[in-house]
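Its first residue numbered 231, the sequence shown is counted upward by one per residue in this note's numbering. Every residue gets a Cβ at the ideal spot worked out from N, C-alpha and C, and that includes glycine. Data block below; observations after.
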Amino acid sequence: MRLFIGLGNPTNEYEDTRHNIGFKMIDMLVSHFKARDISKSSFYGELYRSGDMLFLKPTTYMNLSGKSVIAVKNFFKVDIEDIIVIHDDLDLNFGALRFKLGGGHGGHNGLKSIDSAISKEYKRVRMGIGKPQYKSQVSSFVLSKFSDDENKSIDIWLNHTLKALTSDIKFNILKSKYSLKSIDRLI
231 MRLFIGLGNP TNEYEDTRHN IGFKMIDMLV SHFKARDISK SSFYGELYRS GDMLFLKPTT
291 YMNLSGKSVI AVKNFFKVDI EDIIVIHDDL DLNFGALRFK LGGGHGGHNG LKSIDSAISK
351 EYKRVRMGIG KPQYKSQVSS FVLSKFSDDE NKSIDIWLNH TLKALTSDIK FNILKSKYSL
411 KSIDRLI
């Protein structure tokens, strides 16, 4: 069983924000694999299944994502090496895509919550959202919507990410310590 987790915040207020790029990828994967909704209140999120793949959007808000992840991980007995977290990353330029195994949370509260719930040895799909000019602007920046110029290329970026993830599913690329090559800028 493989568990794909997209990080974001629930409600329409946050729907198209930078912090919700993980939710957008889960929506694409759910559509691509025609996954069916198997959500339960005890999962603290929207959960979909297609064969031996699970797709999770925690609805606990970003800072408590680990609560949802541990509930699903334990219920389905998912091994840590079969968990892939898709998240926004301030340290990468907009449109960049990187794959990583383990590591620090880099100040990302969703990752921090997951790290404390299951450890930090899961796989990560890092989607670059750019960075504000000043550190004091981080909170408002991640909760802001993409610019008009960025919106013009989001579909290209999401489709490239979908291709990378579906290739991984087929060939188990992320099983290896040396995964797909990072793409510094797709768009």
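Residue i - containing beta strand (DSSP E), residue span
{"i": "Asp437", "result": "Residue 437 is absent from the model: the chain starts at 231 and stops at 417."}
{"i": "Phe353", "result": "Residue identity differs from the one stated: residue 353 is Lys in this sequence, not Phe. Residues Lys353 to Gly358."}
{"i": "Phe234", "result": "Arg232 to Gly236"}
Residue i versus residue j - alpha carbon distance
{"i": "His249", "j": "Met255", "result": "12 Å"}
{"i": "Ile310", "j": "Leu322", "result": "25 Å"}
{"i": "Lys270", "j": "Ile314", "result": "21 Å"}
{"i": "Met231", "j": "Tyr278", "result": "13 Å"}
{"i": "Asp345", "j": "Lys287", "result": "17 Å"}
{"i": "Thr247", "j": "Lys330", "result": "23 Å"}
{"i": "Ile413", "j": "Asn242", "result": "In this predicted model, Ile413 has a pLDDT of only 49, less than 50, meaning its place in the structure is not dependable enough to derive any value."}
{"i": "Glu380", "j": "Phe324", "result": "8 Å"}
{"i": "Leu301", "j": "Asn339", "result": "In the sequence under discussion, the amino acid at residue 301 is Ala, which differs from the Leu named in the question. Using only the alpha carbons, I get a separation of about 18 Å."}
{"i": "Ser366", "j": "Asn304", "result": "37 Å"}
{"i": "Leu233", "j": "Asp312", "result": "6 Å"}
{"i": "Ser295", "j": "Pro240", "result": "11 Å"}
{"i": "Ser377", "j": "Ala347", "result": "34 Å"}
{"i": "Ser349", "j": "Ile386", "result": "32 Å"}
{"i": "Gln363", "j": "Met258", "result": "31 Å"}
{"i": "Phe371", "j": "Phe306", "result": "35 Å"}
{"i": "Asp293", "j": "Val368", "result": "First, the amino acid is wrong: residue 293 is Asn here, not Asp. When rounded, the distance between both Cα atoms is 15 Å."}
{"i": "Glu351", "j": "Glu245", "result": "28 Å"}
{"i": "Gly333", "j": "Asp319", "result": "13 Å"}
{"i": "Ala389", "j": "Lys342", "result": "A small fix is needed here, since residue 389 is Asn in this sequence, not Ala. For Asn389 and Lys342, the distance between alpha carbons rounds to 27 Å."}
{"i": "Ile316", "j": "Ile384", "result": "15 Å"}
{"i": "Ala394", "j": "Ser272", "result": "31 Å"}
{"i": "Tyr274", "j": "Ile268", "result": "12 Å"}
Residues that DSSP places opposite residue i in a beta bridge
{"i": "Thr247", "result": "Lys375"}
{"i": "Asp267", "result": "Tyr278"}
{"i": "Ile348", "result": "Bridge partners of Ile348: none, in fact."}
### Task
Quick one: which unbroken alpha helix (DSSP H) runs of 4-plus residues sit fully inside the segment 277-344? Chain order, please.
295-306
### Message
Between the segment 281-290 and the segment 352-361, can you find at least three pairs of beta-carbon atoms closer than 8 Å?
### Response
no
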